[in-house]
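Following the working numbering, the numbering of the sequence shown begins with 1 at its first residue and continues without gaps. Built from N, CA and C at the ideal position, the CB exists for glycine as well. Okay, so here's the structure we're looking at.
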Amino acid sequence: MNEEPDKATRIELLRADASDCTRCDLANGRTKVVFGTGNPNAPLVIIGEGPGENEDRTGEPFVGRAGILLDEVLRECKMLRKHVFITNVVRCRPTKMEAGRLQNRPPTTEEATACITNWLVPTLEAIQPLVILALGAPASSAVIHKGFKMTQERGTFHDSKYAPYAIASWHPAYILRLQGEAFDAARAALVADMELARLKVIEARKEPPKTLF
Numbered sequence: 001m002n003e004e005p006d007k008a009t010r011i012e013l014l015r016a017d018a019s020d021c022t023r024c025d026l027a028n029g030r031t032k033v034v035f036g037t038g039n040p041n042a043p044l045v046i047i048g049e050g051p052g053e054n055e056d057r058t059g060e061p062f063v064g065r066a067g068i069l070l071d072e073v074l075r076e077c078k079m080l081r082k083h084v085f086i087t088n089v090v091r092c093r094p095t096k097m098e099a100g101r102l103q104n105r106p107p108t109t110e111e112a113t114a115c116i117t118n119w120l121v122p123t124l125e126a127i128q129p130l131v132i133l134a135l136g137a138p139a140s141s142a143v144i145h146k147g148f149k150m151t152q153e154r155g156t157f158h159d160s161k162y163a164p165y166a167i168a169s170w171h172p173a174y175i176l177r178l179q180g181e182a183f184d185a186a187r188a189a190l191v192a193d194m195e196l197a198r199l200k201v202i203e204a205r206k207e208p209p210k211t212l213f
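The following block contains the structure:
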């Protein structure tokens, strides 16, 4: 009788399959597939929208300024990347030509649906997290409910098909576009929401934490 592969094996099999994905037109312009990074046994999965220029070049999610901010927030909540799994709604960079150069753009419904169906959902099914932290409205709409309203619904826990608990917060890239008090408030909200996610993991385990969680 064959045993089910463990979580790490399932994630690596998915990563290998995704490396040559051509299920949507984003495959035509990518440099690298940005599958995800972190601990496949993590109780917390963090989901963003999609890769940008730096991510497309390196193959890693959340690098550059947005990644620096995310790492800062993780540390403030006593976590590191190795304690969570980080991925995106889409695994290839959506681009448009503007002012003579490639710029980021939101994924189309067709692009997002293809990646959610083929890669995001199987990833979440493999990891089986206790808590999902969705960063930004596109990720929140993908894993919590369609038409998610960040201003009204972020910062509280919601039902999700993919984890017992899901919470949404501001995307680091959005926060970095703000200035002054608006930046400070949004950054503080992300820290607070990350800490809520961490504490919910501890609560959901119903036992004293054995790690930084």
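- Message: Here's a check: name, in chain order, each residue in its chain whose Cβ is nearer than 6 Å to the Cβ of M194, leaving out the five neighbours to either side.
- Response: V73, C77
- Query: Are the CB atoms of G29 and T117 nearer to each other than 8 Å?
  - Reply: no
- Work out the CA separation of H83 and D71 for me, nearest whole Å. 12 Å
- Message: Just to confirm before moving on: does the CB-CB distance between N41 and K7 stay below 8 Å?
- Response: yes
- Query: Going straight from the alpha carbon of C92 to that of A173, what length do you get?
  - Reply: 17 Å
- Give the DSSP-derived three-state secondary structure of N41 in the structure shown. coil
- Does the pairing of the segment 16-27 with the segment 112-130 give three or more beta-carbon distances under 8 Å? yes
- Item | Extent of the continuous alpha helix (DSSP H) run through M194 | 180-205
- CB-CB under 6 Å to A142, same chain, minus the five flanking residues each way: which ones, in chain order? V89, I116
- Roughly how many whole angstroms lie between the Cα atoms of P129 and L80? 16 Å
- Task: Mind checking which residues open and close the beta strand (DSSP E) that includes M150?
- Result: Unbroken run through M150 is the alpha helix (DSSP H), 150-153; no beta strand (DSSP E).
- Could you give the DSSP three-state label for V84: helix, strand or coil? coil
- Item | Backbone secondary structure at I46 - three-state DSSP | strand
- Message: Which of the three DSSP states is assigned to E72 in this structure?
- Response: helix
- Task: With DSSP as the reference, label R57 as helix, strand or coil.
- Result: helix
- Query: Can you list, in chain order, the residues of its chain whose CB lies under 6 Å from that of P5, leaving out five sequence neighbours each side?
  - Reply: none
- Item | Closest residue to T108 among A99, G64, K149, E49 (Cα-Cα distance) | E49
- On the premise that I86 lies in contact with G237, defined as a C-beta separation below 8 Å, what is that separation, rounded to the nearest angstrom? The chain is shown only over 1 to 213; residue 237 falls outside these bounds and no answer can be derived.
- Who are the near neighbours of R10 in its chain, counting only those whose CB is closer than 7 Å to its CB and skipping five residues on each side? A126
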